[in-house]
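Data first, discussion second: the structure below is written as structure tokens.
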Amino acid sequence: MSETARTTAAEEFANSATPMQKVQHALHRYPWLSPLIVLVVLIVIFAILGFGFDVGSLENFAKPATISLMLQQTVIIGTLAVAQTIVILTAGIDLSIGAIMVFGQMVMANLAVSATASNVTFMAGQNPYLAVIIGVAVATLAGGVNGFLIVRFNLPPFIVTLGTLSIFTALTLIIFKARTIQGKEFEGAQDVMGIMGKDFQIGPFGFTIGLVVMLIVYVVMAYVLRGTAWGTHVYAVGDDPTAAELSGINVKRVLFSVYLTAGFIIGIAGWITIGRLGSASPNVAPEINLETITAVVIGGTSLFGGRGRLVGTLIGTFIIIILDFGLSLAGLDQAYRVLAIGVLVISAVAVDQWIRKVKI
Amino acid sequence: MTVVTSAQPIVQGKDLNKSFGRVIGLNNCQFELFPGEVLAVVGDNGAGKSTLIKCISGAHEVDSGRIFVNNQEVSFKSTHDARSHGVETVYQTLAVAPALDISENLYLGREVRKKGILGKVFRSLDKKHMREVSTKSLSDLGVLTVQSITQTVETLSGGQRQAVAVARAGTFGSQVVILDEPTAALGVNESARVLQLIKDLRDRGMSIILISHNMPQVFDVADRIHIQRLGRRAAVVTPQSHTMNDVVAIMTGAMTVPEEEQQLAPVR
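Sequence order for the protein chains is R and D. Taking the working numbering, the leading residue of the first sequence gets 1, the next gets one more, and so forth. Taking the working numbering, the leading residue of the second sequence gets 1, the next gets one more, and so forth.
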């Protein structure tokens, strides 16, 4: 009798969630919801300012050409952020993403560059397909080095990737002498090396092959993370490594495979970068590590591991790019964009801390 | 007293030794668990009960001694080995991943893939099947008070989490379930529910090892009580033959029980 009464009371209590609690539950269930709201709000603000008010050259914001350019601009950060997401899901972090991307890209470019170009290394003049495969393989291997050091010696990912950030940056400069390889120096290999930058029109919008490849990477990895046992294990390892281990998951193998997979995606991103920029430069991405982390964190993935979705990362990437375009079209200084990103990152982590305290 | 019985122990440890450097965890320890019983393992801190359980669950390897499961000698190198012999452990820390949902947790480490090309080539998980079995398993145990099987475990109460962990141990054809302090973090009502769960599991024919500090609970559910002291089995008694005070006295060495007064044979 009293048992029933108590249950009913408890149910009533549970049902009388405050609006804030409802928001918390929704965000807990769908961690990409808050970045989506931010994205929509940003688009609406910039569009209104562009149409209704005369702010800078924002009237161009909603034009197909601008939208196309914004989409094409997402490919480098967007692809690298996939690699960063799977690493962060395991409660790790990869500071070496940019360095590995540049290294892999320079390997590709220096292999494929015409042997007749000036100041090329001994390996120039190879088949471009072979060059791409080797470049991606080198990046995969570099990711494997991170994974090996983390798993074998139990080193924190932060320290390992901070070290490999320096190491791969230095290796790039030592081996390839800081030489930028221009698109035309590929000569006959240019079609293959630059294919990711090749564009095509659908209606008024222009897309690139690189954008399509990036979206394929998102779809494939989203499926792998949510639809396969490996994906579940990645979440479990990031969530509670002890629980994962006790459940019979080989935590070290999962961690190693995550860094290896990240390396592979970084390699693909290197190829995409050559197409996007039309050249291969060792100085292409000094801040890209932080931008990928920013995209992942804004996208609602927890730095403490185990929670987050790839779609959030994609939204996070769009937020960064849209802020970039919107604020510069509004005629504001670059510093405002940096300021806005900083506020967003801190807010995103604060929201994450809040939704982790959810109770039902 | 010679034990004349037809029942063979489902888990048996003979002369188990395990030390950690100079610290002796097990010192020629004996252990028997019979089919369909609840055996409580009690002992003071440092008496070696965790070490004993970890050796049986595969978390530790014994230095010397032999372990039998179903009369077959085994040598567990990992918890995975133990599990493949039907010995499941529910850890005090629960070993559930809070951000995963109930069904994902139940199947963690032994996910089921879809049949055909989707499963073989694309390694697609059969989430529908896993959710169905999880739902059935939880309702069989009478603990399906959760709103949804896709609810993440962190949104559950302590007792519900414990139920998920126990359900996981009981779902996959295991014969032996080891429960390590299952009520340590629970309130009175939830503890009672978990104790009922233990009795239900036993009634379904499972053999249960219960590690607990809580004497009233031990006396409530246990068929026999294995008392560990200084790395050895000091005695095996039943709630009927001895009082709680006796058990505490045996634990601390204030009382010894001659072997003929112990309950070394199964009571069920």
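Yeah, the Cβ is synthetic: ideal placement off N, Cα and C, and Gly gets one too.
1) Any C-beta of chain R within less than 7 Å: which residues of the segment 66 to 87 of chain D qualify?
2) Going by DSSP, what residue range makes up the alpha helix (DSSP H) through D:Arg22?
3) With a threshold of 8 Å, are at least 3 pairs of Cβ atoms found where one atom belongs to the segment 200 to 208 of chain D and the other to the segment 160 to 177 of chain D?
4) Helix, strand or coil for D:Ile250, going by three-state DSSP, please let me know.
5) Quick test of your reading: R:Ala295 and R:Ile320, contact by CB under 8 Å. State the CB separation rounded to the nearest angstrom.
6) Between the C-alpha atoms of R:Glu59 and R:Met20, what's the straight-line distance to the nearest angstrom?
7) Is it buried or exposed, D:Glu259, if we count other Cβ atoms within 10 angstroms and call 16 or more buried?
8) With a threshold of 8 Å between beta-carbons, can R:Tyr235 be considered close to chain D, or not?
9) Could you pull the start and end residues of the beta strand (DSSP E) that D:Ile53 belongs to?
10) Going along chain R in order, which residues have a C-beta closer than 8 Å to the C-beta of D:Arg110?
11) Taking Cβ positions only, does R:Val351 come closer than 8 Å to chain D?
12) Does DSSP put D:His129 in a helix, a strand or coil?
13) Taking R:Thr79 as the reference, which of R:Thr121, R:Tyr218, R:Ala137 has the closest Cα?
14) If the cut-off is 8 Å on Cβ atoms, which residues from the segment 282 to 314 of chain R count as contacting chain D, listed in chain order?
15) So, for R:Val349: in the same chain, excluding its five sequence neighbours on each side, which residues have a beta-carbon less than 7 Å away from its beta-carbon?
16) Taking the continuous alpha helix (DSSP H) assigned at D:Arg202, which residues delimit it?
17) Does D:Pro98 get closer than 8 Å to chain R when you measure Cβ to Cβ?
18) Closer than 9 Å by beta-carbon distance: list the chain R residues that pair up with D:Ala95, in chain order.
19) Measure from the C-beta of R:Thr161 to each C-beta in chain D and report whether the shortest distance is under 8 Å.
20) Do D:Val69 and D:Val11 have their C-beta atoms within less than 8 Å of each other?
21) Any contact between the segment 204 to 211 of chain R and the segment 83 to 103 of chain D? By contact I mean 3 or more CB pairs, one from each, below 8 Å.
22) For R:Gly227 and chain D, any beta-carbon pair shorter than 8 Å?
23) According to the Cβ coordinates, are R:Leu42 and R:Gly326 closer than 8 Å?
24) Looking only at its chain, what residues have a beta carbon closer than 6 Å to the beta carbon of R:Ala330, apart from the 5 residues adjacent to it on each side?
25) Thinking just about the alpha-carbon of each residue, which of R:Pro31, R:Lys184, R:Ile216, R:Leu36 is nearest to the one in R:Phe318?
26) Can you confirm whether D:Arg123, when its beta carbon is compared against all beta carbons of chain R, has any partner nearer than 8 Å?
27) Among residues of its own chain, excluding the 5 on either side of D:Gln30, which ones have a beta-carbon nearer than 6 Å to its beta-carbon?
28) Verify the CB distance criterion: does D:Glu132 have a CB-CB separation below 8 Å to chain R?
29) Give the range of the alpha helix (DSSP H) segment to which D:Gln175 is assigned.
30) Taking its Cβ as the centre, do 16 or more other Cβ atoms sit within 10 Å of R:Val343, making it buried, or is it exposed?
31) Please state if the CB of D:Gln262 and the CB of D:Ala222 are separated by a distance shorter than 8 Å.
32) With a CB to CB cut of under 6 Å and the five nearest residues on each side skipped, what residues in its chain are close to R:Ala124?
33) Compare the Cα-Cα distances from R:Leu290 to each of R:Tyr336, R:Gly306, R:Ile97, R:Leu260 and report the closest residue.
34) So within the segment 207 to 259 of chain R, which uninterrupted beta strand (DSSP E) runs reach at least 3 residues, ignoring any that extend past its ends?
35) Identify the continuous beta strand (DSSP E) that holds R:Ser199 and give its terminal residues.
36) Just to confirm my understanding: we take D:Met255, look at its own chain, exclude 5 residues before and 5 after, and list those with CB closer than 7 Å. What are they?
Concretely, from the data shown:
1) Thr79, His80, Arg83
2) Here residue 22 of chain D refers to the residue found at position 22 when the second sequence is read from its first residue. Unbroken run through D:Arg22: none, as it is neither H nor E.
3) A contact exists between the segment 200 to 208 of chain D and the segment 160 to 177 of chain D.
4) Counting from 1 along the second sequence, the entry for residue 250 of chain D is found at position 250. Here D:Ile250 sits in helix by DSSP.
5) As a first step, residue 295 of chain R is located in the first sequence; it is residue number 295 there, counting from the start. As a first step, residue 320 of chain R is located in the first sequence; it is residue number 320 there, counting from the start. That belief holds up - the Cβ atoms of R:Ala295 and R:Ile320 are roughly 6 Å apart, short of 8 Å.
6) To locate residue 59 of chain R, count along the first sequence from 1; it is residue 59. To locate residue 20 of chain R, count along the first sequence from 1; it is residue 20. Cα to Cα, R:Glu59 sits roughly 37 Å from R:Met20.
7) Looking up residue 259 of chain D in the second sequence gives position 259. By the neighbour-count rule (16 or more Cβ atoms within 10 Å), D:Glu259 is not buried but exposed.
8) For this step, residue 235 of chain R is matched to residue 235 along the first sequence. So yes, R:Tyr235 belongs to the interface.
9) Sequence index remark: in the second sequence, residue 53 of chain D carries index 53 (1-based). First-last for D:Ile53: 49 to 57, but that is the alpha helix (DSSP H), not the beta strand (DSSP E).
10) By 1-based counting over the second sequence, the position of residue 110 of chain D is 110. Here the neighbours are Gly248.
11) Numbered from its first residue, the first sequence carries residue 351 of chain R at position 351. Chain D contact via Cβ: absent.
12) Mapped onto the second sequence, residue 129 of chain D falls at position 129. In the structure shown, D:His129 sits in a helix (DSSP, three-state: H, G or I).
13) Position 79 of the first sequence, counted from the start, is the residue given in the question as residue 79 of chain R. For the residues R:Thr121, R:Tyr218, R:Ala137, the minimum Cα distance to R:Thr79 belongs to R:Tyr218.
14) For chain D, the residues of the segment 282 to 314 of chain R that bring a beta carbon within less than 8 Å of one of its beta carbons are Gly306, Arg307, in chain order.
15) As a working note, residue 349 of chain R is residue 349 in the first sequence. Result list for R:Val349: Val297, Leu303, in chain order.
16) Translated into the one-based positions of the second sequence, residue 202 of chain D becomes position 202. Annotation: the continuous alpha helix (DSSP H) that includes D:Arg202 extends over 188 to 203.
17) Along the second sequence, one-based indexing puts residue 98 of chain D at 98. Chain R, which has a Cβ nearer than 8 Å to the Cβ of D:Pro98, makes this yes.
18) Along the second sequence, read from residue 1 onward, the residue named residue 95 of chain D stands at position 95. Under the 9 Å cutoff, chain R gives Asp240, Thr242, Ala243, Ala244, Glu245, Leu246, Ser247.
19) Within the first sequence, the letter at position 161 stands for residue 161 of chain R. Answer no: the Cβ-Cβ gap between R:Thr161 and chain D never drops below 8 Å.
20) Counted from its first residue, the second sequence places residue 69 of chain D at position 69. Counted from its first residue, the second sequence places residue 11 of chain D at position 11. It is a contact, given that the beta carbons lie within the stated cut-off.
21) no
22) Within the first sequence, the letter at position 227 stands for residue 227 of chain R. With 8 Å as the cut-off, R:Gly227 counts as an interface residue toward chain D.
23) Stepping through the first sequence from its first residue, residue 42 of chain R is reached at position 42. Stepping through the first sequence from its first residue, residue 326 of chain R is reached at position 326. Yes, the Cβ-Cβ distance between R:Leu42 and R:Gly326 is below 8 Å.
24) Taking the first residue of the first sequence as 1, we reach residue 330 of chain R at position 330. Result list for R:Ala330: Val55, Gly56, Leu58, in chain order.
25) The residue given as residue 318 of chain R occupies position 318 in the first sequence. Looking at the Cα atoms, R:Leu36 is the closest of the given residues.
26) As a working mapping, residue 123 of chain D is identified with position 123 in the second sequence. Cβ-Cβ to chain R under 8 Å: yes for D:Arg123.
27) Residue numbering aside, residue 30 of chain D sits at position 30 when the second sequence is read from its first letter. Cβ neighbours of D:Gln30 beyond the five flanking positions: Arg233.
28) Here residue 132 of chain D refers to the residue found at position 132 of the second sequence. Under the Cβ distance rule, D:Glu132 does not count among the residues neighbouring chain R, no pair being separated by less than 8 Å.
29) What you label residue 175 of chain D is simply residue 175 of the second sequence in a count that begins at 1. Note, D:Gln175: premise wrong, no alpha helix (DSSP H); not H, not E.
30) Taking the first residue of the first sequence as 1, we reach residue 343 of chain R at position 343. The residue is exposed, with fewer than 16 neighbouring Cβ atoms inside 10 Å.
31) As a working note, residue 222 of chain D is residue 222 in the second sequence. As a working note, residue 262 of chain D is residue 262 in the second sequence. No, the Cβ-Cβ distance between D:Ala222 and D:Gln262 is not below 8 Å.
32) As a position in the first sequence, residue 124 of chain R is number 124, starting the count at 1. Excluding sequence neighbours, R:Ala124 sits near Val113, Ala115.
33) Indexing the first sequence from 1 puts residue 290 of chain R at position 290. For R:Leu290, the nearest C-alpha among the options comes from R:Ile97.
34) none
35) Translated into positions along the first sequence, residue 199 of chain R becomes position 199. Note that residue 199 of chain R corresponds to Asp in the displayed sequence, not to Ser. According to the DSSP assignment, R:Asp199 belongs to the beta strand (DSSP E) that extends over 199 to 202.
36) Walking along the second sequence from the start, residue 255 of chain D turns up at place 255. If we look at D:Met255 and ignore the five residues flanking it on each side, its Cβ neighbours are Asp246, Ala249.
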